[in-house]
Amino acid sequence: MSEYANSAPATLDVSNTMFGIAPVQFSLTDAPIEGAGSVATTWAGVYEGDIWYHSIQDMSGKRYKLDCCLENGKLVVKFLDPTESMKERMVFQCSSIVSPNHGQTTFSGIIQFS
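Under our numbering, the letters of the sequence shown match residues 43 to 156, in that order.
Encoded structure:
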């Protein structure tokens, strides 16, 4: 991930539901995603201790394919650009997790971008 020139604090908020469908919001302190102070409402996936998400759209309409995995026991979310042969554009790396509170889990960390 060292190929990225910039980084910014970010949080990923996941709302847990009894059916496992988890609307989420990605909040960025600085906005590396064009047109977005936060990215919301467009994720749909399953959260049961792990996260599986498929895509996210920023406020400017740009869509990314998401690749979520665990690296060294921590959540990593890679933003892939489907218009550029799935080129990796940004990476969110979780550094801490706040336990579920009223059905919500917050992943704090940094997002790295060019």
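Backbone N, C-alpha and C fix where the C-beta goes; we use that ideal spot for every residue, glycine too.
Bear in mind the structure is a predicted one, so any value in this text is a computation, not a measurement.
Residue i - partner residues in DSSP beta bridges
i	result
Lys48	In the sequence on display, residue 48 carries Asn and not Lys. Phe155, per the DSSP bridge assignment.
Lys104	For Lys104, which the question treats as bridged, DSSP gives no partner whatsoever.
Ser97	Lys107
Glu126	For Glu126, which the question treats as bridged, DSSP gives no partner whatsoever.
Ser138	Ser150
Residues near residue i in its chain [Cβ-Cβ closer than 6 Å; skip 5 each side]
i	result
Ala47	Ser156
Cys136	Lys116, Leu117, Phe149, Gly151
Lys107	Ser97, Leu122, Pro124
Gln154	Met43, Tyr46, Ser49, Val133
7 Å Cβ shell around residue i - same chain, five flanking residues per side excluded
i	result
Cys111	Val118
Cutoff 8 Å; reference residue i; Cβ partners in own chain excluding five residues on either side
i	result
Ser138	Phe149, Ser150, Gly151
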